[in-house]
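In our numbering, the protein residues as written are 2 to 69.
What follows is the structure, given as structure tokens:
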């Protein structure tokens, strides 16, 4: 189920994005970026419709997925 990012409290959205970008194995290329830059990048992708917040009822987990 897709959760609209606009429906989340701003602090909750920020915490969700921080958790996402801090996951082991998340790759941002050769250039190092600050946590704030990574969070802003993901937030921009959500705002622009390039990514969505996805809730898995089966696994009871939330994830952020890029749209193709």
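All residues carry an ideal CB built from backbone N, CA and C; glycine is no exception.
Treat the numbers as computed from the prediction; the structure is a model and nothing was measured.
Reference residue i, options the options, closest by Cα
i	options	result
residue 69	16, 22, 4 and 52	52
residue 43	11, 65, 61 and 13	65
residue 56	38, 23, 17 and 11	17
residue 8	37, 54 and 38	54
residue 24	13, 40 and 10	40
Identified DSSP bridge partners for residue i
i	result
residue 56	63
residue 4	54
Assigned exposure category for residue i - 16 Cβ within 10 Å defines buried
i	result
residue 3	exposed
residue 6	buried
residue 22	buried
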